[in-house]
Structures are given as C-alpha cells and as structure tokens.
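> Each step along the sequence shown adds one to the number in this note's numbering, with nothing skipped, and position 440 is 448. The C-beta atom is built at its ideal place from N, Cα and C for all residues, glycine as well.
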Amino acid sequence: MKNREQIEEKYKWDLELFKTDEEIEKVFSYIEKLTKVMPSYSGKLADKNKLYEVLYKYRKEEIEIDKLVYYVFNTYSVDNSNTRIIKLNTRLNNALAKLSASTAFIGPQLYELPDKYLLEIINDKKFSEFDNFFKDIIKMKPHKLDEKTSEIVAKLNKSLNQNAEIYDIINHSEIYFDDALDSKGKSHKIDNSSCEDCLISTDRELRKNAYYSLKNAFKRFNKTFAALLLGDMTSDFNISKLKNFNSQLEAALIEDDVPKAVFDKNILEVTKNIKILQEYVKIRAKKSGLKDFAIYDLNEDKKINGKVSIEKAQATIINALAPLGEEYIKNVKIKFNDKSIDYMPNKNKSTGGYSNSAYGCKPIILMNWKNNYDSMSTLAHEMGHCINSVYILSSQPREKCGVVIPLAEIASTVNEILLINYMISHCPKNQKEYYLQQLFDLCRGTIFTQTLFAEFELFAHTNVDNETPITYEDLNNKFFELLKKYYGKSCVIPEYDRYGWSRIPHFYQNYYVYSYSTGMITAISIVAKLLTDKNYYKKYIEFLKNGSSKSFMEILKYIGIDLTTDEPYETAFNFLKEKLKEYKNC
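(1) Is L491 near the ligand NAP - that is, is its Cβ less than 7 angstroms away from at least one heavy atom of it?
(2) Along the chain, where does the alpha helix (DSSP H) containing Y362 start, and where does it finish?
(3) V35: which of L168, E155 and E69 sits nearest, CA to CA?
(4) May I have the straight-line CA-CA distance separating V77 from K493, to the nearest angstrom?
(5) Does DSSP classify A302 as helix, strand or coil?
(6) With contact counted as at least three CB pairs below 8 angstroms, one residue from each stretch, are the stretch 292-308 and the stretch 496-513 in contact?
(7) Comparing alpha-carbon positions, which option in E308, V45 and F456 lies nearest D211?
(8) Beta-carbon of R406 versus every beta-carbon of chain C: anything under 8 angstroms?
(9) Between K290, S385 and A531, which lies nearest to T324 when the distance is taken from Cα to Cα?
(10) Round the Cβ separation of V422 and A531 to the nearest angstrom and send it over; I've been treating them as touching at under 8 angstroms.
(11) By how many angstroms is the C-alpha of E30 removed from the C-alpha of C451?
(12) In terms of residue numbering, what span does the alpha helix (DSSP H) encompassing I94 cover?
(13) Pull up the DSSP beta-bridge partners for L189, would you.
(14) Out of Y367, Y351 and G368, state which residue places its alpha-carbon closest to the alpha-carbon of G361.
(15) Using only the alpha-carbon positions, how far apart do I151 and S209 sit?
(16) Is the beta carbon of V80 closer than 8 angstroms to that of L96?
(17) What is the DSSP secondary structure of D272, reduced to helix, strand or coil?
(18) Exposed or buried, N554, counting other C-beta atoms within 10 Å across all chains shown (16 or more means buried)?
(19) Can you tell me whether I373 is helix, strand or coil according to DSSP?
(20) For V270, which residues from the same chain have a beta carbon less than 7 angstroms from its beta carbon, with the 5 sequence-adjacent residues on both sides left out?
(21) I'd like to know whether the C-beta atoms of Y480 and A109 end up nearer to each other than 8 angstroms.
(22) Can you tell me where the alpha helix (DSSP H) holding Y64 begins and where it ends?
(23) Would you list the residues sitting across from I349 in a DSSP beta bridge?
(24) How big is the Cα-Cα spacing for S358 and R92?
(25) Ordered along the chain, which non-local residues of its own chain (more than five positions away) have a Cβ less than 7 angstroms from that of A172?
(26) Roughly how many whole angstroms lie between the Cα atoms of K1 and K10?
(27) What residue ranges within the stretch 492-571 form continuous alpha helix (DSSP H) runs of no fewer than 4 residues, ordered along the chain?
(28) Mind listing, in chain order, the continuous alpha helix (DSSP H) runs of no fewer than 4 residues lying wholly within the stretch 114-151?
(29) Suppose contacts are defined by Cβ-Cβ distances below 8 angstroms. Is A388 in contact with L427 by that definition?
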C-alpha cells in the first residue's frame, strides 16, 4: 500500500484550514479565554442579558474551535501515524476538557430556571437559534435527576456502562474462532475482521463452515454475553425509573422526539410484509439450484467482473441522481471538483468511508477506493450525507445544523437506492439479476433484519422493565423463534443460529436498530415518488435543508411522509414487489 505522499494530489482532499501554526495557536488562545471567562456567568443565567452573552457573545471563537476539532479529526483519519496531529489532538482534548469543566454549570442551572422564564426565552426572537434547545429543557425537566442523585449516577457512570466495554473486549480480543475448510480441504483463518470474504465466498463449503465457525464462537460465550446484555439493560432500566420514565423505550425515543407509534408501526407493517422477504429467498434458492438452500447461502456474492474507476463512478452517480434535480446535481459536481473527497487508500488511513462537516467548513468525504461497485455505492451513499450537509449549512444557524439519528441515514440511502435502480435499468442484461439481488440484500439487512432485532430487543427490555426473570435460554429461544417467523420455510435455518443475537453490539445502545428500518422505508418511499412525480424533488430539497430546526415528525412532513400511517409502507413495499417480479423473471 502506498504512503500518503505517493497518492496523486487530485485524489486527496484539501480541508482549506490552518495553513500555519499561528492560526492554530490563535484557536488555543480562544479556548483559554473561554475557559477563564465562562465561570463568571455562574448564577447569572436568570438575567437575559447574561444568558445572551453566554450563548452568543463568543460565537466567533466557538466556530473557530469547531473548525480545529474538524481539522484535527479529519487530518488524523488520513494518516494515523502523523505525530504532529497526534500531539495536537492530545493537546486539544486536554484544553477542551478544561473548557467543558468550566461550563459544566450551564446545564444544571438552566434546568433550575422556571418554565415561565424559559418560555419567554423561546418566544424572544433574539434567542431564536436556541428555541428548540430550551424546548428540550422544558420537555426533559420531569426526567431530570436532583443534584444528589445526579452526582451519584455520575460517579457510577463507568460501572453502569462497563458491560458494553467488557462485551467489546471479548468480541475484539478474547473470542476465538475455528478455522474453516473450503471444498478443496484448504484451511482458512476466521476472525471478526477477516471472516467477510469467507462468508460471501462462492465456495459453498467454505461459506457454510465460516458461518458455523462464527456462530459457534459466540455460542462458547453465550451465558457470558447474556449476563452482560441483561445486566446492561437492567442498569438502563434502573436509570430510566430514577428519571420517571414508564419504560426504557420511552426513555430512548424521547431524545429524538420520536413518537412510540412510529416504533410500533414499523414492526406491524414490516411483519405484515414478511412474505416479500420469504418470496425473495425462495426465488434465490431456486436460482441457486440447491435443494437445501440455507440462510448462510444468502451471503454469497458473485462479484461482477470489471473495474469501476473513480471517473466512471462519478459519471454514473451523476446520471443516477438526475431525479433529484439540476441544483442537486450541480452541488454533486462541485464536490467532485473542489477537492472535498479523499479517495485512495494509503498506509495508516482509517478504513471504510464517512462524510464529515462542521459549521464554517466544507463538507467532505473519506473513501478507500477499490475500483468496484461497492466503492461506487459507498461514494453515492456518502455523497447523500455530504449534500445534505451542504443544504443544512447554507440554510440553518449553527445550533440547528445537527440531524437526529432516525433522519440521519435517509439522505444517504436515497442516493444508494437511486444508484441501484439506475444500474438495474442501464446495466447489460446479464447483470440485471446481480443488481436486483443487491437491492434485496440491502433491504433484507436494513428493513427485515433490523426489525427482527427491534422485536428481539423489545422482548428483552420488556421482561427487564417488568422485572420478569429472563435467562440466556430465553434470549436464544426468542431469537430463533424470530428467525423462523421472518424466514418461514424459505430456507434452512441451522440450530446454531439461535446464538446470533450475541454478535450484535447495537443491543447495548437502547432501541437504536429500528431507525435503520424506518430510514430505509422512508428512502424507498422517497425514491418511488421521485421516479413517478417530476416535481417531487422540490419537496425533497426542502426536506434536506431542515437540520434540527423542527421535530422529527415535522421535518418528514416536508416530503409528505408520516411514519405512523400506512402510506409510506405501502409505497415502499409496492416498489419492492414490482422489483421482485423483475428478479423472478431474470
């Protein structure tokens, strides 16, 4: 692999920041200044003028601090061995920790202010950038811990989160896997990072044995992982009770302002449409010619030959995203030409891909290009995040530039679906089946599997919430029961699949997985409307501009979607039913 210096400049990003040490030192002087001045406002937040100063007076300095954080993170990502950046990162973290300590009084003291005063602030145009911030304070007041309890919980915080840390240690360091044999008797090493190539192999024996090795490894730690997960859920249950929540689900959803009806509706509608998944698997099994087609055979990926260059991918993405309108395409072209993308892998570069942005900085994309369709799909996906950031940063003030998790993946997934749909329509006839399979595998993983996970999570949490004793056997049996419910008789589900739940780290992030499914349902519904209504893209562009300026449900209204109703699910699943007919006829 090449060193960073060997990568062509045209394939590297330019952050356009901090060209001199003097510029960096100026930001550190800002941090020092704020660290000294902020404590002087303690006890004075009931004075509107003082509150205004805390929130607005040092905006310029705060934006420059954001830029330095953005610069350090992204510069480190492309070269983890850069000692200058490593030292700078350590220094920055230390300085920010002191700043955080100096402003720690703000949150608790704001919660102590009367609602009448907070409502005055919300309705005062002078504080308009922070209206949602103060609305959240009022909303969360009934769930705020008193000072003594809060102090105790803070001291216990590390131990309360320790189960997730222990899980990560076992999962990444201590768990061990049996080697997997291929059809020729060759042995292949299996671990969490290298198993993927074996799982997707066209060699069925290797695919089967790698799958067994993976599940069997987690079986060895089954009782341990059950104790860790249930212990983690019990800790969360106790904290949610202290905060006056009726359940852990309520505690998880309130932060993003998502109604419980959205969570419930997703499970209801996805399970009503399980036959789409089962029919896809049956067709896939028939095409394979295997009489005993098993769940691990769905992992097989017959890669299409032929390299996809960066330039070819750019042209294809521009064509695929045409339904989003000329303005959107113009922004994509700008990103392809203004050195916002770091394309090539190099030594000590972070793996995978991401999009990153900060107020006052240009949105960027990190890639690790592999000259294949997967890289092109990743680029389209990250471009969705990137252009979403472009619209938000040009439309919203700094305090409203965030995006809640349930909305975060919609913009990226819309691009991904548009690209797959374009490839299905424009690829050579002998490749159509491959791209349709890509679409259904994507939906299998994000809609059906994540909803299965959400049902499993609901089962476990509900038992903990009701203080009903639950064991590792209950978790195993429920997970296996859900697998059989979702896949029916469409494929063989090995007995050892009952341990699959223990491989999912997201279960340590309460009620997180459902948002993958709702995000994909929303994205497919959007794409279906973009392809049938030539003016729908205008609503979509307005949707992209919102950031966190409104609530989750209000932002979705811009694109005519209400996830508590049948409509988006019917639109999405009807789209998939039509694609399933195409797949069957390939």
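Here's the rundown:
(1) As for the ligand NAP, it is missing from this structure, which has no ligand bound.
(2) First-last for Y362: Y362 to N364, but that is the beta strand (DSSP E), not the alpha helix (DSSP H).
(3) E69
(4) 47 angstroms
(5) strand
(6) yes
(7) E308
(8) No chain C is present in this structure, which holds just one protein chain.
(9) S385
(10) 5 angstroms
(11) 50 angstroms
(12) T91 to S110
(13) S195
(14) Y351
(15) For the record, residue 151 in the displayed sequence is His; it is not Ile. Approximately 50 angstroms, taken between the alpha carbons.
(16) yes
(17) helix
(18) buried
(19) strand
(20) T526, L571 and T572
(21) no
(22) Per DSSP, Y64 belongs to no alpha helix (DSSP H) and is neither H nor E.
(23) I373
(24) 17 angstroms
(25) D240 and Y516
(26) Outside the modelled stretch of the chain, which goes from 9 to 594, sits residue 1, for which no answer is possible.
(27) 522-540, 544-552 and 560-565
(28) 114-119, 123-131 and 139-148
(29) yes
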